[in-house]
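The letter at position 305 of the sequence shown is residue 291 when you use the working numbering, and the numbering goes up by one with no holes.
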Amino acid sequence: MRKKPSDRRNFLKTLAGLTAGMMIPYRGFSTGGSGSLATDPIGQRLPLRKLGNTGEKVTMLGLGGYHIGWTTEKEAQATIEAALEGGIRFFDNAESYSDGLSEERYGKYLIPKYRDDIFLMTKTYSTDARTTRQHLEGSLKRFNTDVIDLWQVHSLQTPEDVDKRIENEVLEVIAEAKKSGKVRYVGFTGHNNPYAHARILDKTGSSFFDTCQLPVNVVDAGAEHSFIRTLMQRLMDRNMGVLAMKTLADGRFFNKKVQRGDAIWDTNNPVVPGHINIEEALSFAWSLPVSVLITGAENPQLIREKVAMAKRFEQLTDEQRTALIEKVDDLNNKKDVEYYKNV
């Protein structure tokens, strides 16, 4: 059953004030448009947002680590350097990306030269305590660092998967790592099932996790099994940092996607440009209470494009966000777009 426009507006209004409160204004530059960007030892830096209750401030755009592993060495280095030059200071990764190659490349091109001025995040896909400990030590070694800023339980699949990881003491290892100082903050991720996220929130205390990474896009907002509607208010109630991913549904917003040269598919009714454009899609996510929007890029051109959009960003009104949701409402099958959901 489709939500009425009035229901959507009411839902979005509950998040509007929270979004504005996360942004860090400076030098007349708050949410984009005009004004001067602040600088740090690396150079000009993109606008910052609060990372939940951690006290950290992170750039509104982050570089995803997945593409860094499967592109060429030359392109990986150029993409990382373009991200730094563009003002990105948040860097996402996972031990499973290209069997650790993504982390190795971050360790090579980010550490130690930029370590003090970036926020470094990675994840563990493990489902048992022993493997989780091994993943942490491996990530630290590949990153060439003693401390990871944020370590996350990766890719929760279902509520039953959550129960299994808890049973196998994965969360105990996560807590130990934070207590030992090897990681500063901890979180969890997943793009398959919003009810897996809900389950892990139900099973943990309000102060256990610092962050949550989840799909945040305009199609999800109107979908039956929506991460945004199911979780966003709960995450805000816990004052957790929200990391947005799949803002373009892993490329399925477009009529064709090519990945690693061997995966190609066509979409009969593409979101972009059939319904909205890329900048509208990103602006929708940035207009929700997200700390950072993580974007994948395998070459410098793609990251520069997103950096330019971040610099131009201006907060959308509730009416504008509702209008974007309505523009994608007539998609024949939203499951074709958010293909990664298992509900």
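Idealized CB from N, CA, C, for every residue including glycine.
### Query
Pick from 140, 304, 259, 233: whose alpha carbon is nearest that of residue 47?
233
Between which two residues does the alpha helix (DSSP H) harbouring residue 286 extend? 286 to 298
Using 8 Å as the Cβ pair cut-off and three pairs as the minimum, do the segment 37 to 46 and the segment 184 to 199 touch?
-> yes
Query raised in the report: By DSSP, does residue 316 sit in helix, in strand, or in coil?
Result: coil
For the alpha helix (DSSP H) holding residue 188, just list the boundary residues, first then last.
180 to 189
| message | Could you check whether the segment 166 to 186 touches the segment 138 to 156, counting it as contact only if at least three pairs of C-beta atoms, one from each stretch, sit closer than 8 Å? | response | yes
- Item | Own chain partners of residue 192 with C-beta closer than 7 Å, once the 5 adjacent residues on each side are dropped | 224
**OP:** Verify whether the separation of the beta carbon atoms of residue 267 and residue 204 is less than 7 Å.
**Re:** yes
Less than 7 Å between C-beta atoms, sequence neighbours within five positions excluded: which residues of the same chain meet that for residue 87? 55
**Asked** Is residue 218 helix, strand or coil by DSSP?
**Response** helix
Checklist entry - Looking only at DSSP bridge pairs, what is residue 137 linked to? => result 108, 172
Short Cβ contact (7 Å threshold) for residue 141 with residue 111: yes
- Residue range of the unbroken beta strand (DSSP E) whose run includes residue 280: 278 to 281
Legend entry - Euclidean distance between Cα positions of residue 15 and residue 28: Bear in mind that the predicted position of residue 15 carries a pLDDT of just 43, short of 50, making it unreliable; the figure below should be weighed with that in mind. Approximately 19 Å, taken between the alpha carbons.
message = Measuring straight from C-alpha to C-alpha, what distance separates residue 158 and residue 122?
response = 13 Å
Query - Closest residue to residue 206 among 8, 298, 314 (Cα-Cα distance) - result: 314
Neighbourhood of residue 240 by C-beta distance below 8 Å, restricted to the same chain and skipping five residues each side: 234, 253, 256, 257, 258
Per DSSP, which residues does residue 230 bridge with? Please list them. 200, 279
### DSSP state of residue 167 mapped onto helix, strand, coil
coil
For residue 129 and residue 94, what's the separation of their Cα atoms in angstroms? 8 Å
message: I'd like the list of long-range same chain contacts for residue 177, defined as Cβ closer than 6 Å, with 5 residues on each side in sequence excluded.
response: 201, 232, 326
- Could you tell me which residues DSSP pairs with residue 122 in its beta bridges? Answer is none; residue 122 lacks a bridge partner.
Q. Using the beta-carbon count (16 or more within 10 Å), is residue 30 buried or exposed?
A. exposed
| 4-residue-minimum alpha helix (DSSP H) runs that sit fully inside the segment 54 to 104, ordered along the chain | 59 to 71, 87 to 95
Thinking just about the alpha-carbon of each residue, which of 120, 230, 5 is nearest to the one in residue 174?
-> 230
> For residue 62 versus residue 286, is the C-beta spacing smaller than 7 Å?
Replying inline: no
Would residue 277 pass as a contact of residue 34 if the rule is Cβ separation under 7 Å? no
Original post:
residue 79: buried (16+ other C-beta within 10 angstroms of its C-beta) or exposed?
Top reply: buried
- [ ] Could you tell me which residues DSSP pairs with residue 48 in its beta bridges?
- [x] 76, 280
How should residue 102 be labelled, buried or exposed, when 16 other C-beta atoms within 10 angstroms of its C-beta is the threshold for buried? exposed
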